[in-house]
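Following my numbering, the numbering of the sequence shown begins with 8 at its first residue and continues without gaps.
By construction, the Cβ of each residue, glycine as well, lies at the ideal position given by its N, Cα and C atoms.
To start, the structure itself, in structure tokens.
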Amino acid sequence: MRSFKPIAAAAALSLLAPLAACSQAESSGDAASAEATDTLAAAIGGDNELATLSSALNEAGLADVFDGPGSYTVLAPSDDAFGEAGKTLSGEEHRAELVAVLRGHILPGHLTPDAIRKAVADKKGPVTMTTLDDGQVTFTAEGDTITVSGADGSKATVAGDALVATNGVVLPLDGLVKKVPPAPAG
């Protein structure tokens with residue numbers, strides 16, 4: 008078993024590599040981070056606009072992850088943004104698709120809007136990051152507006168204040184950044 012520790016450590020580090028541009032920007036900090044007392048699961052569950060996401064996380068078995076010690080940024084589609092996708096992906100037969108869509112909305116690390124804006128400014132252009140499903144999202148910033156684009160062409164805007172939790176950040180979105188897979192023909 009000891010031989011797996013270096014491999015696991017290397018895998019963990021490779022997940023964090025895309026965060027290099029944003030992790031340094033975090034030092035500018037948000038005052039809200041000092042006030043965080045809830046976990047990501049509690050923050051999402053306590054927001055009336057994220058009830059569909061909260062239910063989806065529970066159904067997918069991912070809510071427990073957000074009560075743990077890891078650090079994540081959740082790109083959180085609002086109830087309106089989730090719309091039909093939440094209904095389409097409900098039920099045990101769609102669990103794999105639901106998990107895939109949700110993992111496409113999760114980034115490793117603690118990324119505040121200020122950190123994202125600073126990374127975009129420092130790079131003088133878009134910043135691309137890897138989600139937990141090994142997909143890519145690209146952040147752009149214009150003024151106070153942060154736009155997130157998925158690899159499949161989907162786009163969403165950060166819509167509202169970030170929810171800073173003890174183990175990460177929730178960025179409310181007005182859309183999905185990973186499209187729901189089409190229903191099988193038949």
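Item	Value
Where do the ends of the beta strand (DSSP E) carrying V187 lie?	Element bounds for V187: n/a, residue is neither H nor E.
Would you mind stating whether T119 and A166 have Cβ atoms separated by less than 8 angstroms?	no
Taking contact to mean 3 or more Cβ pairs, one atom from each stretch, closer than 8 angstroms, check whether the region 47 to 56 and the region 138 to 155 are in contact.	no
Three or more C-beta pairs under 8 angstroms: does that hold for the region 102 to 111 against the region 174 to 189?	yes
Could you tell me which uninterrupted beta strand (DSSP E) segments, each at least 3 residues in length, are contained entirely in the region 36 to 119, listed from first to last along the chain?	79 to 84, 113 to 115
Using a Cβ-Cβ cutoff of less than 6 angstroms, which residues in the same chain neighbour A172 once the five nearest sequence positions on both sides are dropped?	A43, D45, T46, L47, A50
Roughly how far, in whole angstroms, is the beta-carbon of I123 from the beta-carbon of F89, given that I think they are within contact range, below 8 angstroms?	Rounded, the Cβ-Cβ distance is 22 angstroms, inconsistent with contact.
Does the beta-carbon of E149 have 16 or more other beta-carbons within 10 angstroms, so that it is buried, or is it exposed?	exposed
Can you give me the start and stop residues for the beta strand (DSSP E) that V144 sits inside?	143 to 149
Could you spell out the range, first to last residue, of the beta strand (DSSP E) harbouring S156?	152 to 157
In angstroms with no decimal places, state the Cα-to-Cα distance between A163 and A58.	18 angstroms
Since Y79 and L105 should fall inside the 8 angstroms C-beta cutoff, what is the C-beta to C-beta distance between them, to a whole number of angstroms?	About 17 angstroms; that fails the 8 angstroms criterion.
Are there 16 or more other CB atoms within 10 angstroms of the CB of L76, so buried, or fewer, so exposed?	Before going further, note that residue 76 is Pro rather than Leu in the sequence given. By the 10 Å Cβ count, P76 comes out exposed.
Grab the span of the beta strand (DSSP E) containing T164 for me, first residue to last.	162 to 164
In terms of alpha-carbon separation, which member of S85, A158, D87 lies closest to D140?	A158
Is V81 closer than 8 angstroms to G142 when the C-beta atoms are compared?	no
Since P83 contacts V144 with CB under 8 angstroms, what's their CB separation in whole angstroms?	For the record, residue 83 in the displayed sequence is Ala; it is not Pro. With 8 angstroms as the limit, A83 and V144 do not qualify as a contact, their Cβ atoms being about 13 angstroms apart.
Shortest alpha-carbon distance to D86 belongs to which of K131, D121, G98, L60?	L60
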